[in-house]
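Below is one structure; the comments refer to it alone.
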Amino acid sequence: MKQSLLRIFLFASLALFTYATEITDSTSTLIQDVNDLSAFDSSFDDLVKKGNQGDAEAQYKLGQMYDKAVDPAKEKEEQKLYREAAEWYRKAAEQGHIEAQMQLAAAYSLGWGVPCDKTIAAQWHQRAAESHRKAAEQGDMEAQARLGQMYFYGQGVPQDYNRMLKWYTKAAEQGHAGAQGALGVLYADSKWIDLDYKEAVKWRTKAAEQGHVGAQYCLGEMYAKSQGVPQDYKEAVKWWTMAAEKGHIKAQYMLGLVYLSGRGANQDDKEAAKWWTKAAEQGDSDAQCGLGLIYYAAQDYKEAAKWLLKAADTGYVWADNIMAQYPLGQMYFYGQGVPQDYKEALKWYTKAAEQGHPEAQADLGQLYFLGEVVPKDYKECVKWQLRAAEQGVAISQVRLGNAYAQGVGVLEDYVKAYKWFLLAGSNGEESAFSSREKLRERMTPDQIAEAQKLAKAFVAKKEIQHEDIMTRFLRHEIDNFNSKFKKL
């Protein structure tokens, strides 16, 4: 069960090359593509000396240094650093330093180190846009890329996607990796310009070959999805590996899937765990869940609990944590890797059950039947056993049959009881056979025939055999993926 739990997570995850993930990653890439900061090549004291002498570039770099010194978790306490950064940006900006003008505009827009003032922010954006335009028209590719970004966001200029495309293209044709990466994003999504996967591949390839991490990841995704190129998992793995080695979280996660599945590379659980650990340590919820399931399957419950709890508590969107929740319920119930805690077990069972996890529904129903963890409640027991039984859990089908046979939590109904015993037996639950035969002695031939008819109708409608939740989830997610992309 634990191995199947892990494998289904793997294959369902492989199906989820989701549009939302791509756009989230790509849009952030677009924002950052033309904002790479150059390394500081002077000491702080040297920069201060040059800045005080009026060197605009030194003043700008001092602003960057103070910006980078801010701890994001302590922004309110570190306004002094922002004020220092803003002051140096101002000195450089007043001398016409374009990047400093952009940074000062951002400071006024966000109220970092200066009063929040959208009007002043707009004025500095306009000055920066004019400076960028002049430099861009003279062929400066950095200015062209920046101007494309300004038209994208409407910073200092009216938002204009046609002009955005013009300036990004000019910069990209000169070899600007950030602009090439941005064009890859734009052509891969019809939000801004006409969709053109071949153009997206062309520009992402150029950017990726220059070491652009976001382009490398997205290019790998295009090879995996057969977008603008023939599907080629080995080529996808090549680009994901390049990005992953530079710390790209999603690329690291995808490599984990690749090595666990053997799709695009030789199957290697250790390599899968290595890449998922790297992604998980950077906060990726998918990797945290997958890593937790690897440890759960290996019966390393302490590590499993560590990663599954992280995944479950971080807004993990894949099935709203359903993959993490049920194992957590099991571990808390049996005290595996965590202190035994029935209340915590109940919490996680309930979360998973409410989202349709059949084994969690079965276990939750049994808790209400036994009345040791929660007050005994036969109606609540029947409710959850019914949901699990309808998803093919054989033991729940037997329990539901017993409930109807004895009138516990429901009205006594031999026909329904016999129906559930038949279904449980067909799913391989041996206890169903003796229960069915005992009940048969109290039923008429017509009742038995009616029960058999109901059982056949259920099978025809549901087409369910008892399979673990992971296999069912796999089918659901692959169907969902295929409906979006038509090709896995």
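The numbering of the sequence shown is our numbering, which starts it at 251 and goes up by one. Built from N, CA and C at the ideal position, the CB exists for glycine as well. Since the structure is predicted, the reported quantities are computational estimates derived from the model, not experimental observations.
Where in the stretch 650-711 do unbroken runs of the alpha helix (DSSP H), each at least 4 residues long, occur, reported from the N-terminal end onward? 664-676, 681-690
Give me the Cα-Cα distance between Y664 and Y599, rounded to the nearest whole angstrom. 30 Å
Using a Cβ-Cβ cutoff of less than 6 Å, which residues in the same chain neighbour G406 once the five nearest sequence positions on both sides are dropped? H375, Q376, A378, A379, M400
M352 to W525, Cα distance in whole Å? 37 Å
From A395 to C366, what distance separates their C-alpha atoms? 27 Å
Rounded to the nearest angstrom, what separates K666 and P625 at their Cα positions? Answer to the nearest angstrom: the Cα atoms are 27 Å apart.
Quick check on the DSSP output: the alpha helix (DSSP H) that includes I544 runs from which residue to which? 535-547
Which of helix, strand or coil DSSP assigns to I370: helix
My output table needs one value for Y403: the three-state DSSP class, helix, strand or coil. helix
Own chain, CB closer than 7 Å to L596, minus 5 neighbours either side, in chain order: Around L596: L617, V623, V624.
Where does F741 land, buried or exposed, given buried means 16+ other C-beta within 10 angstroms? The structure shown has nothing for residue 741, since the chain only spans 251 to 738.
Under 7 Å Cβ to Cβ from E349, same chain only, skipping five residues before and after it: list those, please. Correct list, in chain order: Y310.
Could you tell me the alpha carbon to alpha carbon distance between A289 and D550, rounded to whole angstroms? Low confidence applies to A289: its pLDDT is 41, below 50, so where it sits in the model is not reliable, and the reading given next is rough at best. Between A289 and D550, the C-alpha separation is close to 43 Å.
With distances taken Cα to Cα, identify the nearest neighbour of E604 among A655, A336, Q635, Q586. Comparing Cα positions, the closest option is Q635.
Can you tell me the Cα-Cα spacing of A644 and G675, whole angstroms? Cα to Cα, A644 sits roughly 8 Å from G675.
Using the Cα positions of L704 and N652, report the straight-line distance between them to the nearest angstrom. 17 Å
Here's the rule I'm using: 16 or more other beta-carbon atoms within 10 Å means buried, otherwise exposed. How should L360 be labelled? exposed
Could you compute how far the alpha carbon of Q656 sits from the alpha carbon of L673? 18 Å
Span separating the alpha-carbon of E691 from that of G642: 26 Å
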